Amino acid sequence: MVYSKRIDGRKFDELREIEAKVGVVKSADGSAMFRIGDTVAIAAVRGPRDLYPKFMQNPKKGILRCNYNMVSFSVDERIRPGPSRRSREISLVTENALLPALNLEEFPNAVVDVFIEIIQADAGTRCAGICAASLALADAGIPMRDMVCAVSVGKVGGKALVDLNKKEEDYEEGSSDMPVAMLPRKNEISLLQLDGDMKPDDIDGCLKLAIKACKKISEIQRNALMGKYQMEKEN
Ligand code: UDP
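Numbering (my numbering), first residue to last: -1 to 233.
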């Protein structure tokens, strides 16, 4: 059966409600919260600081280290605490999605740690984590070539759509989901994954939807950053 109406009533190219805020964790060098629908990510940055053990240091540039974690109460069924194969994979793709935007040459022998905690999950958590992490890095004052924004697109019951929620990801009559991250000003894609099957034409169509949605997300990110600095100027 064709998926003619979305479960939550959204248009096929409509994102869930987004909220973004920077400076949410006082003890971090930079931090952010990014909420898209019922998916909530918090990112905190520590660094740049000297990397130990010393043999891991790169004298030419600093390294980025991301740690993605879904907290045990983020979904109805309790998640076992600690690293998993999934969290390691997402940490790695998050690092790769963020790296093209960063300029770490200024920080030889250093590490920038990004901790991403998913406190509520309704699909799209790696993308929400990337959006939060990018904001937190900017908030920490790390030199950046561009922001990184991310969204998941896909096909549900034969229909291409943006920002799948968990019910759509689990749609019985077929669903495929493609997380995409991009540097919006540079028009560069820094993450492209695919869970499920898609024809090349479908991938093209979904990619167009993702790029359009990412540009909207990047505006929200920009406003969140400007909001903080506007407030600091006024105080
Ligand atoms: N999920 C879950 N338990 C888990 C992992 C994931 O309930 O141990 C749910 C959660 O809502 C998550 C969704 O499944 O957002 C989709 O997970 P996926 O691995 O596809 O990554 P995501 O879409 O969150 O980036």
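From the three backbone atoms N, C-alpha and C, an ideal C-beta is built for every residue, glycine too. Since this is a predicted model, take the numbers as computed values, not measurements.
Using 8 Å for Cβ pairs, my map puts Q219 next to C147. What's the rounded Cβ distance? 6 Å
So, using beta-carbon positions, are E104 and P141 closer together than 8 Å? yes
Between C204 and the rest of its own chain, which residues show a CB-CB distance below 6 Å, the 5 nearest in sequence each way excluded? V151, A158 and M176
Where M68 sits in the DSSP three-state scheme: strand
So what does Q228 bridge to, in DSSP terms? Paired residue(s): none; Q228 is not in a bridge.
Exercise answer, beta-carbon shell around the ligand UDP heavy atoms below 7 Å: T37, M68, V73, E75, I77, R84, I88, A119, D120, A121, G122, T123, R124, C125, S150, K164, E167, D175, P177 and D193
From what residue to what residue does the alpha helix (DSSP H) around A136 run? T123 to D137
How many Å lie between R88 and L100 at the Cα? At residue 88 the sequence reads Ile, which differs from the Arg that was named. Rounded to whole angstroms, I88 to L100 spans 19 Å at the Cα level.
Residue environment, N67, which counts as buried when at least 16 other CB atoms sit within 10 Å: buried
Quick check: V109 and G172, are their CB atoms within less than 8 Å of each other? no
Mind checking which residues open and close the beta strand (DSSP E) that includes L96? From DSSP, L96 is part of no beta strand (DSSP E) but of the alpha helix (DSSP H) over R83 to L96.
Beta carbon of S29 nearer than 8 Å to that of A39: no
If we ignore side chains and look at the alpha-carbon of each, how far apart do R63 and R84 end up? 16 Å
Using only the alpha-carbon positions, how far apart do P182 and P57 sit? 30 Å
If you check the beta carbons only, do S70 and P79 fall under 8 Å apart? yes
Nearest-angstrom Cα separation, counted from D202 out to M196: 10 Å
I need the DSSP call for F53, collapsed to helix, strand or coil. helix
Would you mind giving the Cβ-Cβ distance between V91 and L189, rounded to the nearest angstrom? I have them listed as a contact below 8 Å. 6 Å
Distance between L135 and G21 (C-alpha atoms, nearest Å): 11 Å
Do you know offhand how far V0's Cα is from G156's? 6 Å
Through-space distance from G127 to F32, alpha-carbon basis: 8 Å
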